[in-house]
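Counting in this note's numbering, the sequence shown runs from 340 upward without gaps.
For glycine and all other residues, C-beta sits at the position ideal for the given N, C-alpha and C.
Below is one structure; the comments refer to it alone.
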Amino acid sequence: MAKNNQLRPIRQTNRIFDWRQRRSWLASIRYYAGHVLTPELRTYLIQKRPECWSDDVSWLPDAKYILPELTRSLTSYYTHFKGFHGCRPLNLRSYYENGLIGQNSEFLCNMFREIFYDVPQEEVENVISQFADRGSAERGVMWLVGSDRFLVEECGHYLIQGSEYLMSLAANLSHSPNSEDYSRRLRKYGIPTVLEVDIPVSMLSLSQRTELAKMILSEWGQLLTRRLLSLRDDPPCYVIRQNIPSEYLRNHYHPNRITDPHKGRSIYINRHMTCDMCY
Ligand SMILES: [Zn+2]
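As structure tokens, then:
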């Protein structure tokens, strides 16, 4: 019996990077990056007080070593990266059963045909064929951001009108005989939803890992040098090019108030506050 117990694999504790928990991930830097962000480097930066940008890390004296090493340490320490996906699905059961499936243009085109059943078929098919190249280029791609607040306040159109692909198709239909704005019709289908996903580190490309490391370095450097740059608080964007199994879907909710970027940032009030998968 004891032998079996000894053979049981050790379960690694999940460590989830959550951009919203700034104080927490800033405090954790010491646990995985102490060998890179050394006392000597700190002293140098405190004395020199450079502007610690994230898109240009030339303020680091040895960026060619520090950046890749910090990226490696960061993605060894954290097992998952919390991301939020905005959408307007008809129901949520499929997310819980099949996970998040990257953009599928055939599925969206069929939805488009259903929603615009009363538009001449020739016109609908014409618009679909115009977007065929884009559909294949973006097939299987999924966008998530590190903050749900940012999603609701800056990218609300995904929740209000749904997929950008559907929005583009609708925007390219000519005006209806009764002057209906076709893109507004998308607001009548589905439930505005924020999905919370813990993305496994293996799904992030090296360039995305590096981008995140640069953002962390910038925040760390600004605090250290006490030279805060007045930057927009944009969270990291995670572009995932594969399906995300349902086991990584942590939660979901339906926000009541969503900033509408297509209507002068007015507040869209969502009346669909529950769905088939709400508890
Ligand atoms: Zn729900």
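- At the C-beta level, residue 357 and residue 485 come within 9 Å of one another.
- Between residue 413 and residue 552 a beta carbon distance of about 5 Å is seen, short of the 8 Å cut, so the two are scored as contacting.
- The C-alpha of residue 566 lies about 29 Å from the C-alpha of residue 545.
- Considered as a whole, the stretch 458-518 harbours 481-484 as its complete beta strand (DSSP E) runs of no fewer than 3 residues, in chain order.
- Rounded to the nearest whole angstrom, the C-alpha separation of residue 452 and residue 464 is 8 Å.
- Within the chosen limit of 8 Å, ligand 1 does not reach the beta carbon of residue 426 with any heavy atom.
- Less than 9 Å separates the beta-carbon of residue 599 from that of residue 607.
- Of the candidates 505, 374, 392, 368, 392 places its Cα closest to the Cα of residue 568.
- Non-local C-beta neighbours of residue 402 in its own chain, meaning closer than 6 Å and more than five positions away in sequence, comprise 396, ordered along the chain.
- Rounded to the nearest whole angstrom, the C-alpha separation of residue 557 and residue 523 is 40 Å.
- The beta carbon of residue 597 sits no closer than 8 Å to any heavy atom of ligand 1.
- For ligand 1, residues qualifying as neighbours are 431, 591, 593, 613, 614, 616, 617, where qualification means a beta carbon closer than 6 Å to at least one of its heavy atoms (chain order).
- Annotation: residue 529 to residue 614 spans about 10 Å, alpha carbon to alpha carbon.
- Distance from residue 420 to residue 587 at the Cβ level is roughly 10 Å; contact not present, criterion being Cβ atoms closer than 8 Å.
- Scanning its chain for C-beta atoms nearer than 7 Å, with the 5 sequence neighbours on each side dropped, one finds around residue 540 the residues 414, 417, 418, 419, 420, in chain order.
- Note on residue 430: under 16 other CB atoms within 10 angstroms of its CB, so exposed under the neighbour-count rule.
- Taking 9 Å as the cut-off, the beta carbon of residue 498 is found no closer than this to the beta carbon of residue 505.
- Looking at the DSSP output, residue 439 bridges to 583.
- With distances taken between CA atoms, residue 411 lies nearest to 368 out of 575, 590, 368, 535.
- By a beta-carbon distance limit of 8 Å, residue 535 contacts residue 423. Their separation comes to about 6 Å.
- Looking at 609, 555, 542, the one whose alpha-carbon comes closest to that of residue 371 is 555.
- Across the structure, residue 405 and residue 479 are spaced so that their CA atoms are roughly 33 Å apart.
- Here the C-alpha atom of residue 436 lies approximately 13 Å from the C-alpha atom of residue 582.
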